[in-house]
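*Asks:* Let me give you the structure first, and then I'll get to my questions.
Residue numbers (our numbering), protein chains in the order written: chain W, 5 to 320; chain P, 123 to 717.
Below, the structure written as structure tokens:
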């Protein structure tokens, strides 16, 4: 197992390097000069050239790449091109807790909604419960998240005034301030995800419930709870966990629109803003982190398989 | 707006204003000091006459300056309280370091933290800030500033002449500052003693007080702290700068916001009133509106408020909406090197140009744009029709007569006739054009395209470009039609010198070498703009400015669309005194909160 994990980590690092390299060159192939854009209002093309020299952006691209890679290997992700040229690692260090909070809470909300709904729909297939959850799931899937986000703000922040409309407060400022700022965005992000998950759990459960060993379990006279949770759910979870892993990674980097609505500067927004401004070092750094999240979440999912289904073993 | 205010005045008051205006402009045109003696120019409180002449010299004198001040102001006695403000249209405040600031929304905050030698007030007059007094030499090239004593930086360091010299040297170094060229006129700065500095200019410059020593436009000489810069490094200093201003930065995280606290040792014990100010960047308009309606924020600063929100805010009794003329212009640029509107040479009389096919199409497009309709639909009525780069905030130089006389004035029928004469009757056979704009400009572009379709029956496709790409394509003249404009233009130079000369910095600086010029080139305009720059007689300058503006309008340097307005929104518990209301800035030192 340890060897397997080590091998996977090496693979993961290779994937990250390939992604980062690809992004490095693609980013520079995209039209748009960040320095001219930044200094457009200052209106001084010469100032842009001076800055370009200072930042080393006048060097041939392969030289820039070698310099960048050398620095990354030493743990230096460089500095943003804009403003006071804040270091990329600082930007990421500040954004990751926000994203982790939002994605984590959204994930939790999604699980809390999806697991009972999925199980109930499968066990009571064709019942009023099943139909209600099906309708709710399609509603959740078809509602755009930014629309839901604005609706939540209008109801809970403007009319009822129960929760703040925007912003993020770090956990260090207290649990409730942190949570109160995250509930609405987490619901907005988690809803669509819970709908997908509920449908997945339902069909996976239905599949499993039809199998012989479940019939045996029923025939043995095991209590309902034991049949459903121990025998059925555990086996149904394998495909669900795969989806959950990908979805969590997507949540980490992909909650851009909701982050924008609630004015939370998470990883997704760092990335998008970086791309729009052609802030090369920021995009490169953020991509490294995002690719790391994807490959390591996948690795975690693979390891989780062995815990859920002991029959799955990786070669030593 | 000021004209309307004058209407309601009693006759003697109107007469007084007429006299003061006439008299303020009436001085020796060849005098670099605008008819003022050295004593007149001395700080810290210039006489009314001096102020009027300087204003007139800077081209910013208007009726508004001569009107009696609004009565019944709120008592600003209350001290304390915490204000939360939303900064619109931005995800983060990238820097507060004056040497790096390139956006107004950054300066709006920095202006509360750092100070300059002078500061512009609500009447757009430079007042003493860190300087208590100043004198000018007879030839107008030596400015001596007497600094305020006993001023401390937020870290306890005393403020002296050395800080002015340090700031000057830092600002002049292109490696440390993006504003090095602003100080091109300054030959040297000399420390006379700890509280006296002398600036030597290479030539007299009437706008010196405002353009270089003032802390809004004069970002170059906003005083920074040497020790803090050395201890923190430029990166951290850019987030939490140490200055001498009324508030100090106690927290700043990119994307999270900025927290300011009252600086107890500020040199004016009366200011600031608030204990604490929290500033949250809010990128999207709808959440911004929800936040102020819910009371999560009490004031909106940052980028201009989205026009679709203004009516909603006006209808809300909890909110105060203050609308003032804004400095800038927006235009549709037409590439003169492309079919179907090529104009190889603008140096011909308008009547002759009007016989050329390419110019006919160009003029037809400009004439087909119903500005009123565009402003109503795209800006919800919040804007002023534009026919040139000279905007209403330039007051003295702005003249609405051009609306009636410009060749560009809206006339759909005449536009169709021109298009037909150019060989495209009712738009038949007209090629499909592309219009490049930013993602944020899409809605307005759709309306523009719709207006062109309705009035000329021509098809225009919209191409969305990220801002850096749009600028690239503008600089290289790679477009048929392109939407871009200018903001923060307080002086005619900002519109004319920057945009309308053959060598203007925005006029196709990176165009292919085979193109003889960018989007516009006209010898008389070039000459008029050069002359108005050095013309000290205001009426003469005004005539030159208006002549240049008129030619750029008639010869369609661009299809000019509108001038924006400046909108400040806050909740009614916020007392925002009139003396702090400077278009584009958000000075919070006099702001108080009602219990």
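The beta carbon of each residue, even a glycine, is placed where N, CA and C say it ideally should be.
Since the model is a prediction, treat every value here as computed from it, not as a measurement.
Mind checking if residue 122/P is an interface residue toward chain W, Cβ cutoff 9 Å exclusive?
*Replies:* Missing from the structure shown is residue 122/P; chain P here goes from 123 to 717 and no further.
*Asks:* Going by beta carbon distance, what residues of the same chain come within less than 7 Å of residue 628/P, once the five residues before and after it are set aside?
*Replies:* Taken in chain order, the residues that qualify are 620, 621.
*Asks:* With three or more C-beta pairs closer than 8 Å as the rule, is the segment 637-646 of chain P touching the segment 489-499 of chain P?
*Replies:* Verdict: no, contact absent.
*Asks:* Using a cut-off of 8 Å between C-beta atoms, extract the partners of residue 266/W located in chain P.
*Replies:* 409, listed in chain order.
*Asks:* Using a C-beta to C-beta distance shorter than 7 Å, which residues of chain P count as neighbours of residue 282/W?
*Replies:* In chain order: 590.
*Asks:* Measure from the C-beta of residue 176/W to each C-beta in chain P and report whether the shortest distance is under 9 Å.
*Replies:* Taking Cβ atoms only, chain P never reaches closer than 9 Å to residue 176/W, which makes this a no.
*Asks:* To the nearest angstrom, how far is the alpha carbon of residue 361/P from that of residue 265/P?
*Replies:* For residue 361/P and residue 265/P, the distance between alpha carbons rounds to 32 Å.
*Asks:* Please tell me whether, using a cut-off of 8 Å, the distance from the CB of residue 50/W to the nearest non-hydrogen atom of the ligand ZN is below it.
*Replies:* In the structure on display, the ligand ZN does not appear, and there are no ligands present to speak of.
*Asks:* Grouping DSSP H, G and I as helix and E and B as strand, with all else coil, what is residue 569/P?
*Replies:* Of the three classes helix, strand and coil, the one that applies to residue 569/P here is helix, per DSSP.
*Asks:* Got a sec: which bits of the segment 171-202 of chain W sit with their beta carbon under 7 Å from any beta carbon on chain P, in order along the chain?
*Replies:* Of all residues in the segment 171-202 of chain W, 171, 172 have a Cβ within less than 7 Å of some Cβ in chain P.
*Asks:* If we ignore side chains and look at the alpha-carbon of each, how far apart do residue 607/P and residue 407/P end up?
*Replies:* Roughly 21 Å separates the two Cα atoms.
*Asks:* In terms of DSSP beta bridges, what is residue 697/P paired with?
*Replies:* In the DSSP output, where bridge partners are listed per residue, residue 697/P has 714/P.
*Asks:* Less than 9 Å between the C-beta atoms of residue 279/W and residue 287/W, yes or no?
*Replies:* For residue 279/W and residue 287/W, yes; Cβs fall inside 9 Å.
*Asks:* Output needed for residue 426/P: all residues of its chain with C-beta closer than 8 Å, excluding positions within five of it in sequence on either side, in chain order.
*Replies:* Answer for residue 426/P: 210, 211, 448, 686, 688, 689, listed in chain order.
*Asks:* Alpha carbon to alpha carbon, how far is residue 683/P from residue 465/P? Give it in angstroms, no decimals.
*Replies:* So the alpha carbons of these two residues sit roughly 21 Å apart.
*Asks:* Which two residues bound the contiguous alpha helix (DSSP H) that contains residue 474/P?
*Replies:* That run of the alpha helix (DSSP H) goes 472-475.
*Asks:* Within the continuous beta strand (DSSP E) that includes residue 298/P, where are the two ends?
*Replies:* Looking at the DSSP string, residue 298/P is not in any beta strand (DSSP E), and its letter there is neither H nor E.
*Asks:* Does DSSP classify residue 428/P as helix, strand or coil?
*Replies:* If DSSP states are grouped into helix, strand and coil, residue 428/P belongs with coil.
*Asks:* Decide yes or no for the touch test of the segment 238-256 of chain W against the segment 77-94 of chain W: beta carbon pairs closer than 8 Å, at least 3 of them.
*Replies:* No: the two stretches stay apart, fewer than three of their Cβ pairs being nearer than 8 Å.
*Asks:* Might you give, ordered along the chain, the residues of its own chain that have their beta carbon closer than 8 Å to the beta carbon of residue 434/P, omitting 5 neighbours on each side?
*Replies:* 411.
*Asks:* Between residue 273/W and chain P, is the shortest Cβ-Cβ distance under 9 Å, so that the two count as touching?
*Replies:* Interface residue, yes.
*Asks:* When burial is assigned at 16 or more other CB atoms within 10 Å of the CB, is residue 414/P buried or exposed?
*Replies:* Residue 414/P is buried by the Cβ-count criterion.
*Asks:* Alpha carbon to alpha carbon, how far is residue 535/P from residue 580/P?
*Replies:* Going by the C-alpha atoms only, they are around 14 Å apart.
*Asks:* Pull up the distance between the alpha-carbon of residue 160/P and that of residue 253/P, whole angstroms please.
*Replies:* Low confidence applies to residue 160/P: its pLDDT is 48, below 50, so where it sits in the model is not reliable, and the reading given next is rough at best. For residue 160/P and residue 253/P, the distance between alpha carbons rounds to 17 Å.
*Asks:* When we look at the beta-carbon of residue 34/W and count the other beta-carbons within 10 Å, is it buried (16 or more) or exposed?
*Replies:* Result: exposed.
*Asks:* How do the segment 340-356 of chain P and the segment 273-290 of chain P stand: do at least 3 beta-carbon pairs fall below 8 Å, yes or no?
*Replies:* These segments touch.
*Asks:* Can you give the Cα-Cα distance for residue 130/W and residue 238/W, rounded to whole angstroms?
*Replies:* Straight-line Cα distance between these residues: approximately 23 Å.
*Asks:* Could you work out which residues of chain W lie near residue 297/P, taking near to mean beta carbons separated by less than 8 Å?
*Replies:* Going along chain W in sequence order, the residues near residue 297/P (Cβ under 8 Å) are 54, 58.
*Asks:* Which bits of chain C does residue 352/P rub up against, with CB to CB less than 8 Å?
*Replies:* In the structure shown, chain C cannot be found, because the protein chains are W and P.
*Asks:* Do you know whose CA, among 191/W, 76/W, 184/W, lies nearest residue 115/W's CA?
*Replies:* The residue with the shortest Cα to Cα distance from residue 115/W is 191/W.
*Asks:* Would you verify that the beta carbon of residue 217/P is, or is not, closer than 9 Å to some beta carbon of chain W?
*Replies:* Yes - at least one Cβ of chain W is within 9 Å of the one on residue 217/P.
*Asks:* Quick check on residue 145/P: buried or exposed, where buried means 16 or more other Cβ atoms within 10 Å of its Cβ?
*Replies:* With a pLDDT of only 46 at residue 145/P, under 50, the local geometry of the prediction cannot be trusted, and no value is derived from it.
*Asks:* Name, please, each residue of chain W whose Cβ falls closer than 9 Å to the Cβ of residue 448/P.
*Replies:* The premise fails here: residue 448/P is roughly 15 Å from chain W at the closest Cβ pair, so nothing lies under 9 Å.
*Asks:* Quick check on residue 163/W: buried or exposed, where buried means 16 or more other Cβ atoms within 10 Å of its Cβ?
*Replies:* Flag for residue 163/W reads exposed.
*Asks:* Strictly below 8 Å CB to CB, what residues from chain W border residue 418/P?
*Replies:* Simply 161, 168, 169, 170, 171.
*Asks:* Short check: CB of residue 208/P to CB of residue 514/P, under 9 Å?
*Replies:* For residue 208/P and residue 514/P, no; Cβs fall outside 9 Å.
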